[in-house]
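Residue numbers (our numbering), protein chains in the order written: chain A, 891 to 1110; chain B, 891 to 1110.
Here a beta-carbon is modelled for each residue, glycine too, at the ideal position from N, C-alpha and C.
Written out below as structure tokens is the structure these notes cover.
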DNA sequence: ATGCCTGCTAACCATTCGGTCAATCGTCAC
DNA sequence: GTGACGATTGACCGAATGGTTAGCAGGCAT
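What follows is the structure, given as structure tokens:
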């Protein structure tokens, strides 16, 4: 991106191999994510990275290898630990934090989330390895939810209408639904986590939420 | 192609232009939906349809035109009227029917639904026209939900914890979440609408559902 | 100096792509 | 018959693609 010279501010005295490799990755990341694999040519990547096409093939054997490298790079921010950060809270607050975390992450990484979902829906096998990584992440999040809800139910903090597994499954579905709705509507509405968390709380904890009288701020 | 004569089983007395056009569309439908636009070449379509490549360009001016024709064809089954079919039922039963309808449709048209979602996530603009059609369909369904819930709330059949709009939005998100989970897990689980409908009912109508004692059939 | 290895490039290659075109075949009208 | 016309084809085209190769600049050890 950034027309004209990108790094005029950061004087690149010595070329360095890692440097060029990184710029290739950045360019490829941008192009693959915004256009897709087949719609992006190596020449375009070379042009955007301001290197020769041959250099790309010197760093990465094939286009697929570059693609996989890009995928791994895009996946990095997904691996922050969403545990630990809320130890002293009770289950209810922890669940709300977890839900809020999910929504905030989606909001802040919308473009890469969109890219991954589109890619996984498109290429069923999809380099296989990546799909596994994503799935592992997903089921990890689910497991945390299940356990929190189960503990919450033991302490009578959560509704017991469903098993913890069923409740977590439904909750996760709702989150995913909010996610894709956000991906489609993107420019229209900004996805505010507050109302979604309120919905979830109302459902899971059986709370009463007034939306039709004074106090304003309807939950829509 | 096709060794020996191709259609010995179905006697094709006169070739007919509509016939070849249809086979081209069928072949393109299959290839576009399973591989995608850029990954499908006109030669492949020609081979699968057992016609010459030039004939495709006689029927359709460009590859894009063929693609749009395929999209419209794939979209046809989406336009059955999901109104009318449940007139005498009360709001609660109608909502359940509507939810069930959504889930059954998704289950039976999973591959084309997957294709549309992937396509719309991938090509932001996406031929513009199609996106509009899909959006109209979607908001039509949403409007029906909102009105049903509102009427249900008036008659005290539905929980009033949320506004009808908020409830419908959240419900729709849950359905969409179930949808994409189904698209990803596809081969693993078969998406049974029963349990999903039960979850929705529990949430929307405030029902108690026993899952942890006698009566069997856990809702998971 | 002389190799030598890393980083890098211009030019090239084979293949495939979307698309065109002149020519054919079959059928109906006259 | 013969022309007209819709349907159909093989052969072809320029552009673009993923990938290769020969070679060059320059630091660094001998």
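Could you check how far apart the C-beta atoms of residue i and residue j are, in whole angstroms? I think they sit under 8 angstroms.
i	j	result
residue 869(B)	residue 1058(B)	Past the boundaries of the shown model lies residue 869(B); chain B is included only from 891 to 1110, so the question cannot be answered.
residue 1020(A)	residue 961(A)	5 angstroms
residue 936(A)	residue 1005(A)	Not quite, the Cβ-Cβ distance comes to about 21 angstroms (not below 8 angstroms), so this is no contact.
residue 1089(B)	residue 957(A)	Not confirmed; about 39 angstroms, so no contact.
Determine whether the Cβ of residue i lies closer than 7 angstroms to any Cβ atom of chain A.
i	result
residue 1058(B)	no
residue 965(B)	no
residue 1008(B)	yes
residue 1012(B)	yes
residue 899(B)	Bear in mind that the predicted position of residue 899(B) carries a pLDDT of just 37, short of 50, making it unreliable; the figure below should be weighed with that in mind. It does not: the Cβ of residue 899(B) has no partner Cβ on chain A nearer than 7 angstroms.
residue 892(B)	For residue 892(B), the predicted model reports a pLDDT of 35, less than 50, meaning its position is unreliable; a value from the coordinates is still stated below. For residue 892(B), the answer is no, since every Cβ of chain A falls outside 7 angstroms of its Cβ.
Using CA atoms only, rank isn't needed, just tell me which of the options is closest to residue i.
i	options	result
residue 952(B)	1031(B), 931(B), 965(B)	931(B)
residue 1030(B)	955(B), 914(B), 970(B), 926(B)	970(B)
residue 948(B)	923(B), 1076(B), 914(B)	914(B)
residue 1091(A)	1049(A), 1066(A), 1071(A)	1049(A)
residue 968(B)	1018(B), 1074(B), 1023(B)	1023(B)
residue 1084(B)	1076(B), 1009(B), 988(B)	988(B)
residue 982(B)	936(B), 1047(B), 1033(B), 954(B)	1047(B)
residue 998(B)	910(B), 1073(B), 909(B)	1073(B)
residue 1094(B)	1061(B), 1076(B), 1082(B), 1009(B)	1061(B)
residue 929(A)	1033(A), 1009(A), 1076(A), 1055(A)	1009(A)
residue 959(B)	985(B), 1012(B), 927(B), 984(B)	927(B)
residue 1014(B)	1075(A), 950(A), 911(A)	1075(A)
residue 1007(A)	1032(A), 911(A), 1034(A), 964(A)	964(A)
residue 940(A)	911(A), 925(A), 954(A), 955(A)	911(A)
residue 908(A)	945(A), 1033(A), 933(A), 925(A)	945(A)
residue 1016(A)	1035(A), 954(A), 925(A)	954(A)
residue 1086(B)	933(B), 996(B), 1034(B), 1018(B)	996(B)
residue 966(B)	1054(B), 1003(B), 1012(B), 1055(B)	1003(B)
residue 925(B)	1001(B), 1056(B), 1018(B), 1033(B)	1001(B)
residue 986(B)	1054(B), 1035(B), 933(B)	1035(B)
residue 1032(A)	1056(A), 978(A), 1012(A)	1056(A)
Would you say residue i reaches chain B, if we count a Cβ-Cβ gap shorter than 7 angstroms as a contact?
i	result
residue 928(A)	yes
residue 1034(A)	no
residue 1092(A)	yes
residue 908(A)	no
Using a Cβ-based criterion (distance less than 6 angstroms to any ligand heavy atom), does residue i qualify as near the ligand MG?
i	result
residue 987(A)	Absence of the ligand MG from the depicted structure is noted, as is the absence of any ligand whatsoever, leaving it without description.
Counting Cβ pairs, one atom from each stretch, are 3 or more of them under 8 angstroms apart for the stretch 1032 to 1050 of chain A and the stretch 1040 to 1048 of chain B?
-> no
Hey, is the stretch 912 to 923 of chain B in contact with the stretch 918 to 927 of chain A, meaning 3+ C-beta pairs nearer than 8 angstroms?
-> no
Interfacial residues, the stretch 1061 to 1085 of chain A to chain B, with Cβ spacing under 8 angstroms | The stretch 1061 to 1085 of chain A vs chain B, Cβ under 8 angstroms: 1062, 1063, 1064, 1065, 1066, 1067, 1068, 1069, 1070, 1071, 1073, 1074, 1085.
Mind the definition here: the stretch 983 to 998 of chain A touches the stretch 1065 to 1073 of chain A only if three or more C-beta pairs lie below 8 angstroms; say whether that holds.
-> In the pairwise beta carbon analysis, the stretch 983 to 998 of chain A is classified as touching the stretch 1065 to 1073 of chain A: at least three pairs are separated by under 8 angstroms.
Chain-ordered residues of the stretch 917 to 951 of chain A with a beta carbon less than 8 angstroms from chain B = 926, 928, 929
Of all the residues that make up the stretch 979 to 1004 of chain B, which are near chain A by a beta-carbon distance shorter than 9 angstroms?
-> 1004
Where the stretch 1029 to 1055 of chain B meets chain A: residues whose CB sits under 7 angstroms from a CB there = If the cut-off is 7 angstroms between Cβ atoms, the stretch 1029 to 1055 of chain B has 1051, 1052, 1053, 1055 near chain A.
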